[in-house]
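What follows is a single structure, written as structure tokens, with notes after it.
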């Protein structure tokens, strides 16, 4: 497996505490299976096309689906981000991810929302991200592609880690969002919208650092199964994003 992506022993030690306990028969090699999951997400492969070096493709797929339902991959990202010690600056932004026809084929079926909407000339999912001052993701959330940024941003506020400033573009320049930040003791660094009657001041020098969250999106979209959504269920798609983000930004420091 020298030519394949493989988690290191050190990386495995950092994420093993968040694995579910094995009951009965011991699990297949965690390192090999999780490396196979990352390989498929990075290269946009069908699960059946995973290299044989990672073991049976059904084992890789079943592990991913089962742990996605348990929220394991989301917990890994949350715990790794929580170990960073916090940041004085946070950034928030969104990006659109195109939904492949295989993801949208069951758009109106099922009890759980799929978070697929019509925008930008096609079916899309919107990814909302909060990152720290170094451009490392802290919080993730999915909504339909046509959804407004504000409801998701307000919903994410309750989970924000302590910070002094929050950087965002003018799409977040609303009185409600600014007041919500003020209630948490966070200073908004958000340019006012040109059409707003009251032009709120902001730190232009600090705002220049907002390119880090744009760099975050660029790095995430290098992974094929994130750039294009193939997963029908929102929780599996979010798990793929969370696991990729944990590997890219928190396990490769």
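In this note's numbering, the protein residues as written are -7 to 245. Ideal Cβ positions, reconstructed from N, Cα and C, are used throughout, including at glycine.
{"Query": "Of the listed residues 23, 24, 189 and 84, nearest to residue 147 (C-alpha basis)", "Result": "84"}
{"Query": "Close-in-space but distant-in-sequence residues of the same chain around residue 34 (CB under 6 Å, 5 per side omitted)", "Result": "215"}
{"Query": "Residue nearest to residue 114 in terms of C-alpha spacing, selected from 88, 205 and 142", "Result": "88"}
{"Query": "Residue span of the alpha helix (DSSP H) that contains residue 249, given as start and end", "Result": "Residue 249 lies beyond the residue range present for the chain, which begins at -7 and ends at 245; the question has no answer from this structure."}
{"Query": "Cα-Cα separation between residue 244 and residue 10, rounded to whole angstroms", "Result": "18 Å"}
{"Query": "Close-in-space but distant-in-sequence residues of the same chain around residue 184 (CB under 7 Å, 5 per side omitted)", "Result": "162, 165, 191 and 192"}
{"Query": "Assigned exposure category for residue 118 - 16 Cβ within 10 Å defines buried", "Result": "buried"}
{"Query": "Euclidean distance between Cα positions of residue 94 and residue 223", "Result": "7 Å"}
{"Query": "Cutoff 6 Å; reference residue -7; Cβ partners in own chain excluding five residues on either side", "Result": "In this predicted model, residue -7 has a pLDDT of only 44, less than 50, meaning its place in the structure is not dependable; the value taken from the coordinates is given anyway. Within the same chain, residue -7 has close Cβ partners 45."}
{"Query": "8 Å Cβ shell around residue 67 - same chain, five flanking residues per side excluded", "Result": "10"}
{"Query": "CA-to-CA distance, residue 176 to residue -3, given in whole angstroms", "Result": "41 Å"}
{"Query": "The region 70 to 83 / the region 133 to 147 touching (three or more Cβ pairs under 8 Å)", "Result": "no"}
{"Query": "Reduced DSSP category for residue -7 - H, G, I as helix; E, B as strand; rest coil", "Result": "Note that residue -7 scores 44 on pLDDT, short of 50, meaning its location in the model is unreliable; the coordinates nonetheless yield the value given after this. In this structure, residue -7 counts as coil in the three-state DSSP scheme."}
{"Query": "Cβ-Cβ distance between residue 225 and residue 104 below 9 Å", "Result": "yes"}
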